[in-house]
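Asker:
Numbering (my numbering), first residue to last: 42 to 109.
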């Protein structure tokens, strides 16, 4: 497995985790739990942005990965 595919797989997994946290943030009964889920979803946004930038760099350096 290439570095590109590992980063891409991690990105997709974290996007799923973010979606799950956002969903839990909406349905949680406890207000503190809602805030925690929403805060962590926002933190994942930062990580996702960095991973997307890393993927762009990898695509630039290795054009064969563009579009995967």
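Don't be surprised by glycine CBs; every beta carbon is placed ideally from N, CA and C.
As the structure is a prediction and not an experimental result, all values here were calculated from the model.
1. Per DSSP, what kind of secondary structure is residue 43 in: helix, strand or coil?
2. Suppose you measure from the CA of residue 77 to the CA of residue 65; what does that come to, to the nearest Å?
3. Could you check if residue 62 is buried or exposed, using at least 16 other CB atoms within 10 Å of its CB as the buried criterion?
4. How would you write the range of the alpha helix (DSSP H) that residue 32 sits in, first residue to last?
5. Determine, using beta-carbon pairs with one atom in the region 67–75 and one in the region 87–106, whether at least three such pairs fall under 8 Å.
Answerer: Quick answer:
1. coil
2. 10 Å
3. buried
4. The requested residue 32 is not part of the displayed model; the chain covers only 42 to 109.
5. no
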